[in-house]
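Take a look at the structure below.
2 protein chains.
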Amino acid sequence: MNIGELAEKTQLNAKMIRRYEELGIIPKASRSLSGYRQYGDKDVNVLIFVKRARALGFSMKDIKQLLSLWRNKTRSSAQVKSIAMKHQQELTQKLTEIQAMLKTINHLVHNCHGDDRPDCPIIEELNKP
Amino acid sequence: MNIGELAEKTQLNAKMIRRYEELGIIPKASRSLSGYRQYGDKDVNVLIFVKRARALGFSMKDIKQLLSLWRNKTRSSAQVKSIAMKHQQELTQKLTEIQAMLKTINHLVHNCHGDDRPDCPIIEELNKP
DNA sequence: CATGCACCTTCCCTGCGGGGGAAGGTTTAA
DNA sequence: TTAAACCTTCCCCCGCAGGGAAGGTGCATG
Numbered sequence: 001m002n003i004g005e006l007a008e009k010t011q012l013n014a015k016m017i018r019r020y021e022e023l024g025i026i027p028k029a030s031r032s033l034s035g036y037r038q039y040g041d042k043d044v045n046v047l048i049f050v051k052r053a054r055a056l057g058f059s060m061k062d063i064k065q066l067l068s069l070w071r072n073k074t075r076s077s078a079q080v081k082s083i084a085m086k087h088q089q090e091l092t093q094k095l096t097e098i099q100a101m102l103k104t105i106n107h108l109v110h111n112c113h114g115d116d117r118p119d120c121p122i123i124e125e126l127n128k129p
Numbered sequence: 130m131n132i133g134e135l136a137e138k139t140q141l142n143a144k145m146i147r148r149y150e151e152l153g154i155i156p157k158a159s160r161s162l163s164g165y166r167q168y169g170d171k172d173v174n175v176l177i178f179v180k181r182a183r184a185l186g187f188s189m190k191d192i193k194q195l196l197s198l199w200r201n202k203t204r205s206s207a208q209v210k211s212i213a214m215k216h217q218q219e220l221t222q223k224l225t226e227i228q229a230m231l232k233t234i235n236h237l238v239h240n241c242h243g244d245d246r247p248d249c250p251i252i253e254e255l256n257k258p
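If you read the protein sequences in the order shown, they are chains A and B.
With the numbering used here applied, the first sequence covers 1 to 129.
With the numbering used here applied, the second sequence covers 130 to 258.
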């Protein structure tokens, strides 16, 4: 199958598929005589794996590792878990940061009249020494 | 004051200060005879404003607008609030996404033995059709 | 058989918000 | 005078994605 059909099946952009190949996320596709990338059903699975991992927020670096563990039948689940736990920690960190931002923003928005007058607690907060 | 001192006072990188100037976030600094950027105390305040807004997760685009509202004494607080509310919505959106990811990740990590065996619910989840 | 159109190829530019470092000029203190 | 600390511009890189140009290919239709 050509890249367009693969893109269709995986709901990924053809551009992204080429990029993933370039980044070494997926193996280099074989080519037709005219240079078109040729794919099989396996490739659909690989890309869906990548897509699911992306949806969980894994970085490309992590996904590379996860893919190699996936392919490696002698992997230990501890290796997989270690990647997942690192990501878990990063996500938790981000969550905390966003919660802190939101706490402040919610407070500021709540206290801003939002009328025609210039007085504004949001501006005041940003202007604090 | 030179850029280094300003960077010191604002705890920002001199590189970032130049970049902010280039992006039009802050006005172009006047130059000494030898071409060094010259700053005054006002600039400290501007950069601290930018820094605080960054800490709240505002985009550079938003910060540009917030700065111009800050400078504009005939602003309406409604204009400020509108920017803040848009950002509030985006942050809430991000929060929800991360919470959803974390929910799955937490579950997967919890169910993965993390031992020497290859069987792993994390890999299985990513491999799902 | 030719022409058009959808598809494919590579290449470079854009965005965000930074960071690193080279190559060279300036200021200041020893 | 010389060394160091500072400044300048310039281009490179990261992650992750998208846009679009310029040109080759595959296939149905007239």
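Think of the CB as a built atom: it goes at the ideal place given N, C-alpha and C, for glycine as much as any other residue.
Asked, Found
"Starting from B:R148, trace the alpha helix (DSSP H) in both directions and tell me its first and last residue.", "A143 to E151"
"Using a Cβ distance threshold of 8 angstroms, determine whether the segment 197-210 of chain B contacts the segment 74-93 of chain A, with at least three qualifying pairs required.", "no"
"Whole angstroms is fine: what's the gap from B:K193's alpha carbon to A:I48's?", "40 angstroms"
"Within 8 angstroms (strictly less), CB to CB, does A:S76 reach chain B?", "yes"
"Would you list the one or two residues that DSSP bridges to A:R31?", "A:R37"
"Which same chain residues end up closer than 7 angstroms to A:K51 when comparing Cβ atoms and leaving out the 5 residues on each side of it in sequence?", "T10 and L12"
"Please state if the CB of A:L126 and the CB of B:A182 are separated by a distance shorter than 8 angstroms.", "yes"
"So which residues of chain B does A:P118 contact, with C-beta pairs closer than 7 angstroms?", "K202, T203, R204, S205 and S206"
"Under 8 angstroms between beta-carbons, which chain B residues line up against A:S115? List them in chain order, please.", "In the sequence under discussion, the amino acid at residue 115 of chain A is Asp, which differs from the Ser named in the question. Correct list: S205, S206 and A207."
"According to a CB-to-CB cut-off of less than 7 angstroms, which residues of the segment 56-69 of chain A neighbour chain B?", "L56, G57, L66 and L69"
"Under 8 angstroms Cβ to Cβ from B:P250, same chain only, skipping five residues before and after it: list those, please.", "L237, N240 and C241"
"Tell me, please, whether the CB atom of A:M101 is closer than 8 angstroms to any CB atom in chain B?", "yes"
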